Each structure stands twice: as C-alpha cells, then as structure tokens.
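The structure appears below as structure tokens.
There are 2 protein chains.
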Amino acid sequence: MPVELADTTVASGADASKSRISRRRVLDAAARCFLNKGYAATRLSDIADEAGMKAGSIYYHFDSKEQMLSEVFDIGMTAVFDAVRTGVETLGPNASHRDRIGAAIKAHLQQLLEQSDYTAANIRIFGQAPAEIQRRHMPDREAYREYWRLLLEDARRDGALRADADLSLIRMLLFGALNWTVEWNDPEKGPADKIADAATAMLFDGLGT
Amino acid sequence: MPVELADTTVASGADASKSRISRRRVLDAAARCFLNKGYAATRLSDIADEAGMKAGSIYYHFDSKEQMLSEVFDIGMTAVFDAVRTGVETLGPNASHRDRIGAAIKAHLQQLLEQSDYTAANIRIFGQAPAEIQRRHMPDREAYREYWRLLLEDARRDGALRADADLSLIRMLLFGALNWTVEWNDPEKGPADKIADAATAMLFDGLGT
DNA sequence: GTCTATATTCAGATAGAC
DNA sequence: GTCTATCTGAATATAGAC
Chain F
13 MPVELADTTV ASGADASKSR ISRRRVLDAA ARCFLNKGYA ATRLSDIADE
63 AGMKAGSIYY HFDSKEQMLS EVFDIGMTAV FDAVRTGVET LGPNASHRDR
113 IGAAIKAHLQ QLLEQSDYTA ANIRIFGQAP AEIQRRHMPD REAYREYWRL
163 LLEDARRDGA LRADADLSLI RMLLFGALNW TVEWNDPEKG PADKIADAAT
213 AMLFDGLGT
Chain V
13 MPVELADTTV ASGADASKSR ISRRRVLDAA ARCFLNKGYA ATRLSDIADE
63 AGMKAGSIYY HFDSKEQMLS EVFDIGMTAV FDAVRTGVET LGPNASHRDR
113 IGAAIKAHLQ QLLEQSDYTA ANIRIFGQAP AEIQRRHMPD REAYREYWRL
163 LLEDARRDGA LRADADLSLI RMLLFGALNW TVEWNDPEKG PADKIADAAT
213 AMLFDGLGT
C-alpha cells in the first residue's frame with residue numbers, strides 16, 4: 013500500500029501540478045486580454061489563443077468568464093497592496109514621511125507598469141466591470157485606499173504635509189496621476205521608477221518657482 | 013408655385029429639424045451609455061431605451077454603432093478643446109502663466125465632469141475603443157496635447173515653472189490627475205472648480221512643508 | 001421617423017470523444 | 001486535460017409596414 017499510496021500521491025501530485033500550471037496560464041492570458049481590450053470586448057477565444065488552447069477547454073479550469081475576471085481582480089489587488097506595504101515597511105520605523113510615501117508610490121507604479129498585468133487590469137477596467145463583480149471587490153479596494161489615507165494622514169499629523177490640504181482630494185488626484193500611467197506608459201521608454209520620482213516631487217514640492 | 017415651394021420648404025424644414033433633434037437625442041444617449049458601461053458592453057437597445065425609441069429605429073439616423081462612437085469622440089474632443097482655449101484666451105495676453113494653466117485645468121475639468129458626457133466618454137473609454145476608431149481620432153488628440161505642451165513650455169520659458177522639470181512627464185501626470193476624476197467624482201459632492209483649484213495648487217506649490 | 005419582425009452573426013457555455 | 005462539435009441566447013443590422 014505504501015507503494016500505491018506513493019504512486020497515487022505522485023501521480024495526482026503531477027496531475028494537480030499540471031492543472032495548476034495551465035490554470036494559471038489561462039488566467040495570465042485573461043489578465044492580459046482584459047487589460048488590453050477591456051472585459052466585454054474580450055472573447056474566450058482571445059484568451060484561449062493567448063493561452064495556447066481551445067475556447068471550450070477553458071471550462072475545465074473555470075466556470076465562467078466572470079469568475080476569471082473576479083480572480084484577476086483579487087490577484088491584482090493583493091499584489092499591489094502587498095508590494096506597497098512591503099516597500100514602506102522595508103524602510104523601517106524611522107524613515108521620513110516623504111520617503112515612506114515615495115516608497116509607496118514607487119511600489120504602486122512598479123506593480124502597475126512592470127510587475128503585474130493583474131494589477132493593471134484591475135485598475136484599468138474595474139469601472140467598466142459588471143456591477144455585481146464591482147460590488148464584490150469594493151471591500152478590497154476600500155482597504156487599500158484606507159492604507160493610503162493613513163499614510164498621508166500620518167504625514168500631515170507630523171507636519172510633513174501642509175495642514176490645510178484636503179487630503180482625500182489630494183489622494184484621489186495622486187491616484188489619478190499614478191493610475192492613468194497605464195493609459196500612456198510605454199515600457200520601452202523608461203522605468204517606472206522615473207515616473208515615481210517625478211510624481212513624488214510634484215506631490216511634495218510642486219513645479220512653481 | 014411659391015406656395016408649394018413655401019410649403020415644401022416649411023415641411024422639409026420641420027422634418028429636417030425633427031430628424032436633427034432626435035438624431036441628437038440618440039447621440040446624447042449613446043454618449044451616456046458609452047461613458048457608463050463602456051463601448052462593447054453597451055447594447056443598441058440600451059441606447060434606444062435611453063433615447064425613448066426602439067433599437068431598429070436608430071438605423072434611420074446612424075449606419076452603425078461604430079459611427080456613433082466616432083461622432084461621440086469628435087464632439088467630446090471639440091468641446092473640451094474649445095472650452096480650454098476660450099478659458100485661457102479670456103484671460104487676455106497679460107495674465108500670469110499660473111492663471112493661464114489654472115484656467116485650462118478648470119475648463120478641462122468642467123467639461124469632463126459637468127458639461128459634456130461626450131468629453132467624459134472620449135476620455136474614459138478611448139483606450140478600449142476598436143483600434144480603427146482610435147487610429148482615426150489620434151490627430152485630434154495629438155493637437156490637444158500639443159496645445160497643453162505649449163502652455164507648459166511657455167510657462168517654463170518665462171521662468172514660471174522649474175527649468176529642470178521633465179515637462180512631457182509632468183503633463184501626463186497632470187492629465188492623469190485630471191482625467192481620473194471621471195472614475196471617482198460624485199457630482200453631488202462638490203463642484204469641479206474645487207478639484208481644479210486643488211490640482212493647480214498641487215502642480216505649482218506641492219504639499220510639502 | 002419609428003415601429004415590428006426577422007435574418008445573421010457571434011460568443012458563452014455544454015457534451016462527449018479521446 | 002484538451003479537443004471537436006454543438007446548443008443557446010444575444011446583439012447588430014435589415015426589411016417592410018405604418
């Protein structure tokens with residue numbers, strides 16, 4: 013029995029692994045398609061083409077197109093939230109507020125532009141996703157916004173940001189400057205870090221003379 | 013004959029007018045639907061419902077869904093470009109660069125958030141529109157970008173913006189801050205001008221202490 | 001000008017062979 | 001696990017009555 017058990021374990025382990033791998037390949041393809049064409053305009057055959065299989069085969073891994081979208085959103089939000097938290101915490105507790113916010117901006121843009129099609133898809137197409145899917149993912153997004161809200165509020169409390177600033181407005185303008193990069197950035201043209209530095213400088217210093 | 017001529021003229025004038033009016037009603041509905049749901053997710057029956065007619069009737073006024081999208085893009089870009097030019101030129105030739113850029117920001121946001129669903133649709137869904145439509149409207153958008161490029165460059169030339177700024181990068185970050193408002197702004201919550209003032213202050217002064 | 005009815009095309013989803 | 005073949009529903013677009 014130990015042998016059969018071992019064999020079975022190996023076999024099902026291998027199967028499970030193959031399944032997990034091609035499931036992920038399909039999801040990668042879905043994230044790319046959703047990002048580039050939008051949700052409604054993406055056909056299952058587009059995803060299948062990019063994943064190297066036939067449209068019908070997708071249903072071995074997923075129940076529906078909506079399920080794929082939902083998982084793409086989940087993975088994308090987790091990726092960017094983790095990256096930002098890690099980027100800020102890596103600085104240690106004595107970093108300046110400017111450095112903390114700068115690190116958050118850098119991590120956000122790296123995920124969006126270089127690391128994760130899932131994050132990019134989440135940010136780019138969330139607003140046009142089916143209402144039910146949007147509703148389901150509101151709490152994630154709210155938690156992420158809340159993290160940024162505290163980041164900025166702490167900075168103001170300690171005098172690193174002007175006391176008279178409308179922080180929730182500023183936060184949304186900052187998100188806009190960062191998130192809109194997905195509409196125009198050409199990865200060939202330069203690293204996300206360069207954009208991040210410019211955004212941080214604009215936020216803190218402005219461009220007036 | 014003068015009578016018949018007059019009658020015919022009046023009658024065809026009235027018909028033409030009715031036609032123009034309901035054509036515009038359909039296009040208004042299309043702009044709203046495209047803005048809210050995206051292009052691919054909008055059905056002709058959505059547009060028809062909102063315009064108070066049946067889906068088939070739309071084809072009396074338009075040849076295709078794509079034609080509607082193309083006209084929405086045209087009207088939206090013309091509206092925002094005209095508004096921005098007018099806003100800047102109204103200041104007269106002796107206005108400060110800060111005031112000129114501030115006026116451009118205000119006009120852009122007013123169109124986007126309060127005046128024109130056409131402009132909002134153009135900005136929000138352009139990136140997910142069919143490739144052929146995007147291609148056709150590239151020159152318009154390029155001209156608009158060019159206007160802003162000169163606005164910022166003139167300011168820098170005269171010393172109103174820092175000499176070391178990467179203006180094309182800054183311009184795209186600014187566009188992002190402004191354009192992303194269409195994703196989050198709640199028209200009930202406050203006027204576009206308030207957002208415009210915050211954006212202008214951020215651009216010139218920054219928020220650091 | 002707008003309607004009803006319909007042709008046509010297409011995309012999401014399912015069934016069963018391999 | 002992936003394929004081929006197919007069902008089904010939907011959406012664009014057309015035809016002809018009113």
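Line by line, the protein sequences are chains F and V.
Here the numbering used here = 1-based position in the first sequence + 12.
Here the numbering used here = 1-based position in the second sequence + 12.
Virtual Cβ for every residue (Gly too), placed ideally from N, Cα, C.
Predicted, not measured: the structure shown is a model, and the values here were computed from it.
Neighbour flag for Gly50/V against chain F, beta carbons, 8 Å
yes
Separation of Arg110/V from Thr90/V, as counted between CA atoms:
24 Å
Under a Cβ-count criterion, where at least 16 other Cβ atoms within 10 Å of its own Cβ denotes burial, should Met80/F be classed as buried or exposed?
buried
If the criterion is Cβ atoms closer than 8 Å, does the pair Ala208/V and Asp178/F meet it?
no
Would you mind sorting Lys201/F into buried or exposed? The rule is 16 or more other CB atoms within 10 Å of its CB.
exposed
Against chain F, which members of the segment 135-165 of chain V pass a CB distance test of less than 7 Å?
Gly139 and Gln140
Identify the continuous alpha helix (DSSP H) that holds Leu164/V and give its terminal residues.
Ala143 to Arg169
Under the rule that 16 or more other beta-carbon atoms within 10 Å means buried, what is Leu162/F, buried or exposed?
exposed
What's the C-alpha gap between Tyr72/V and Ala67/F?
37 Å
I'd like to check one pair, Phe138/F with Val84/F: are the Cβ atoms closer than 8 Å?
no
Within 10 angstroms of its Cβ, does Met184/F collect 16 or more other Cβ (buried), or is it exposed?
buried
From what residue to what residue does the alpha helix (DSSP H) around Phe74/F run?
That residue, Phe74/F, is in no alpha helix (DSSP H); it is neither H nor E in DSSP.
Contacting residues, own chain, Cβ-Cβ under 8 Å from Arg168/F (five flanking each side not counted):
Arg174, Ala175, Ala177 and Leu179
Counting only beta-carbon atoms, is Gly188/V nearer than 8 Å to chain F?
yes
To the nearest whole angstrom, what separates the beta carbons of Ala133/F and Ala43/F, a pair I think is in contact under 8 Å?
5 Å
Leaving out five residues before and five after Ala95/V in sequence, what residues of the same chain have Cβ atoms less than 6 Å from its Cβ?
Ala119 and Gln123
Under 8 Å (Cβ pairs) to chain F, residues found in the segment 98-125 of chain V
Arg110
Answer yes or no: do Ile113/F and Thr212/F have a C-beta to C-beta separation smaller than 8 Å?
yes
Check Gly50/F in the structure and name its three-state DSSP category.
coil
Three-state secondary structure assigned by DSSP to Leu173/F:
strand
Return the Cβ separation of Gln140/F and Lys49/V in integer angstroms, given the expectation that the two are a contact with Cβ distance under 8 Å.
7 Å
Helix, strand or coil for Gly114/F? Go by DSSP, reduced to three states.
helix
With Asn106/F as the anchor, note down where its alpha helix (DSSP H) starts and where it stops.
That residue, Asn106/F, is in no alpha helix (DSSP H); it is neither H nor E in DSSP.
Got a sec: is the Cβ-Cβ distance from Asp217/F to anything in chain V below 8 Å?
yes
Could you tell me whether the Cβ of Met184/F comes closer than 8 Å to any Cβ of chain V?
yes
Taking 8 Å as the threshold (C-beta atoms), are Gly218/F and Leu215/V in contact?
yes
Does any CB atom of chain V fall closer than 8 Å to the CB of Thr131/F?
no
Put Gly220/F into one of helix, strand or coil per three-state DSSP.
strand
Kindly list the residues whose CB is nearer than 6 Å to the CB of Pro14/F, restricted to its own chain and excluding five residues on each side of it in sequence; keep chain order.
Interpretation of Pro14/F is limited by its pLDDT of 43, a score under 50 that renders its predicted location unreliable; the figure taken from the coordinates is listed afterwards. Here the set comprises nothing.
Give the residues of chain V in contact with Met89/F, contact being defined as C-beta atoms less than 8 Å apart.
The contacting residues do not exist; Met89/F stays about 16 Å from chain V at best.
Between which residues of its own chain and Asp36/F is the CB-CB distance below 7 Å, once the five residues before and five after are set aside?
Here residue 36/F is Arg; the residue named in the question, Asp, does not match the sequence. Here the set comprises nothing.
If we call anything under 8 Å between Cβ atoms a contact, is Ile135/V one with Asn191/V?
yes
What's the gap between the Cα of Lys12/F and the Cα of Glu195/V?
Limits of chain F in this structure are 13 at one end and 221 at the other, which puts residue 12/F out of reach.
Take Ala254/V as the anchor and find which of Ala155/V, Leu164/V, Phe187/V and Pro142/V has the nearest alpha-carbon.
In the structure as shown, chain V starts at 13 and stops at 221, and residue 254/V therefore has no counterpart that could be examined.
C-alpha distance - Asp129/F paired with Leu186/V, whole-angstrom precision
24 Å
Taking its Cβ as the centre, do 16 or more other Cβ atoms sit within 10 Å of Asp19/F, making it buried, or is it exposed?
For Asp19/F, the predicted model reports a pLDDT of 39, less than 50, meaning its position is unreliable; a value from the coordinates is still stated below. When all chains shown are included, Asp19/F counts as exposed.
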